[in-house]
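In terms of my numbering, the sequence shown has 937 at position 68, counting the first letter as 1, and numbering is strictly consecutive. Notes follow once the structure below has been shown.
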Amino acid sequence: MLRVQEQVERHYHSSLVERVRSDGSVLFVGKTTIRLAKQFGFCYGVERAIDLAYAARKVFPEARLFLIGEIIHNPEVNNQIASLGISNLLDGNGRPNVSDLGPDDVVIVPAFGAEVSLLEEIKKHGCRIVDTTCGDVMSVWKRVRQNAGENVTSIIHGKSSHEETRATASRALGSGSGRYLIVLNLEETAFVCDYILGRGSREGFLKRFAGNFSEGFDPDLHLHRIGVANQTTMLREETESVQCMLRDAVQIRDGSGENFRLFDTICGATQDRQDALKELLLTPLDLLLVVGGYNSSNTTHLAEMGEQKAPTYFIRNQECLESPDLIRHFDLHLKQEITSHQSWLPRTGSDARIAITAGASCPNNLIEEVMLRVLSLRGEHLTF
């Protein structure tokens, strides 16, 4: 395992990032000040998943290795994993291709986990499985299974298309009798609360949440006893609001909270990164760069937080910084990458206060590349 960790270190380490962290997370170069969030980048769960994927290639050098989708939500890391000869088990439409799997094959479960039905199908083929599921995700699964066993419907705060949420929903079924409902945001939560309080039609409810509840779900029956779980990378404040809204609705309806269950299932690393960004945003800034995969939920939430306080650009890597007047970045509202033709970067010769953070799936080497690119565009050079 030591050799594996050394290989991972070579691919993703940054001596510059470590140096800046040791200097109080601030880098001064000429008229440019770059501040890093005190917590960003790979979390323990991501590091473990990557280590296990690399280790699988070492342990099974001749075997066919397959990964269920992406190991994490970062294109550079996923490309590196693919370069090890690890193939994607999913086709271009996200459907698993398991028909030709055999006992000599190895299937890697990503950090988000995988749906129960898919894992059972893979096991039927006798494959060896390397499970890299994050421990925080598995803690959520424990809670929703408990809900299912106690006839409590799991209200899952998350994105219904996200791999983790789908995996959690499959565990919420328990042995088959469990129920779940997925809510994305406070607006959808308010809709559920209204129904709990006797407002709204059954037909309207089922139409609103079509595809986001378990088979046979009946809001007239299955909202009596509820428990809240969440996709671990959601905004903590929003999840807490979801919890409070649903708890209050049940208490108003019943006169007590006896039919409401609550467990704290927010990922600690996600919260640490959100708290660190809050602290960073208290500093006067000219702009914030958020680095990571565009399909990364926790990174997206960091960008949402940044937009409230400073000019914010959500970028995939340093290649997005094309010139001082041209930047490619993900627009959270259009939900696509756009190119902005504007002076996003303070002009060379002027003072610039630039902050950088990254999601839990972004390696430090990408942060270093972004820092060096910013300095280059500013006409400044770092002496190591």
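Glycine included, each C-beta is placed from N, C-alpha and C at the ideal position. As the structure is a computational prediction, the values presented were derived from the model and not from experiment.
Beta-carbon proximity list for residue i, same chain, < 7 Å, skipping 5 on both sides
i     : result
A932  : D973, D974 and V975
C1136 : D1005, T1101 and T1102
G1067 : none
I1065 : L1092, A1118, V1119 and R1122
R1071 : P1088 and D1089
T1134 : S1008, V1009, R1012, A1098, N1099 and T1101
When the options are compared against residue i, the one with the closest alpha-carbon
i     : options                       : result
S891  : Q908, E1188 and R1216         : Q908
I1236 : L905, V895 and R879           : L905
D1089 : D1063, R917 and M1114         : D1063
T901  : E939, E1238 and D1155         : D1155
L1115 : N1128, T1181, T1208 and G1045 : N1128
G1119 : R1094, C1136, S1046 and D1220 : The sequence given here has Val at residue 1119, not Gly. Selected option, being the one with the closest Cα: R1094.
C1231 : Y913, S894, N962 and E1109    : Y913
D1194 : I1207, L1214 and K1204        : L1214
V946  : V985, T1037, L1171 and N1233  : N1233
P979  : Q1205, S1219 and I998         : I998
T1217 : L1246, G1126, P930 and T1037  : L1246
S1030 : V1052, S1044 and N1016        : V1052
I919  : N957, Q1143 and E878          : E878
K992  : C1003, T1001 and L970         : L970
P930  : S883, L953 and Q1211          : L953
Cβ neighbours of residue i in the same chain (closer than 6 Å, five flanking residues each side left out)
i     : result
L987  : P965
R1040 : W1010, V1013 and R1014
V1257 : With the chain covering 870 to 1253 only, the question about residue 1257 has no answer from this structure.
P1180 : L1156
G995  : P972
A1138 : C912 and A1229
C1003 : G914 and A980
Start-to-end residues for the alpha helix (DSSP H) that takes in residue i
i     : result
Q1143 : G1137 to L1149
F897  : Per DSSP, F897 belongs to no alpha helix (DSSP H); it is in the beta strand (DSSP E), V895 to V898.
S1044 : Per DSSP, S1044 belongs to no alpha helix (DSSP H) and is neither H nor E.
A1224 : Here A1224 belongs to no alpha helix (DSSP H); instead the beta strand (DSSP E) covers A1221 to A1227.
A924  : Y913 to V928
R1116 : R1105 to D1123
S952  : P944 to S952
S956  : Not the alpha helix (DSSP H): S956 falls in the beta strand (DSSP E), residues I955 to N957.
V1098 : At residue 1098 the sequence reads Ala, which differs from the Val that was named. Segment I1095 to N1099 is the beta strand (DSSP E) holding A1098; no alpha helix (DSSP H) there.
D1089 : P1088 to H1091
E1237 : N1233 to L1246
Beta-carbon spacing of residue i, residue j below 7 Å
i     : j     : result
G1096 : V1021 : yes
N1186 : G1228 : no
I903  : M1240 : yes
G1162 : N943  : yes
R1222 : L1190 : no
F1086 : R1122 : no
E1032 : F981  : yes
V967  : L1251 : no
Q949  : H1026 : no
K1178 : L1150 : yes
G1043 : G1069 : no
G984  : A1059 : A small fix is needed here, since residue 984 is Glu in this sequence, not Gly. No. Outside cutoff.
Cβ neighbours of residue i in the same chain (closer than 8 Å, five flanking residues each side left out)
i     : result
I955  : A922, A925, R926, L934, F935, L936 and I977
Q876  : Y923
Q1140 : R1105
E1148 : A906 and K907
Heavy atom of the ligand SAH within 6 Å of residue i beta-carbon
i    : result
L959 : This structure simply doesn't include the ligand SAH, nor any ligand for that matter.
Extent of the continuous beta strand (DSSP E) to which residue i belongs
i     : result
E1206 : Q1205 to H1210
Y1182 : T1181 to I1184
R1130 : F1129 to L1131
S883  : No beta strand (DSSP E) holds S883; DSSP gives it neither H nor E.
H1198 : L1195 to D1200
Only counting runs of 4 or more residues, tell me where the alpha helix (DSSP H) segments fall wholly within the segment 994-1031, in order along the chain. Within the segment 994-1031, the complete alpha helix (DSSP H) runs of at least 4 residues are 1004-1018.
Could you pull out every unbroken beta strand (DSSP E) segment of at least 3 residues lying fully inside the segment 1034-1085, listed in chain order? Listed in chain order, they are 1049-1052.
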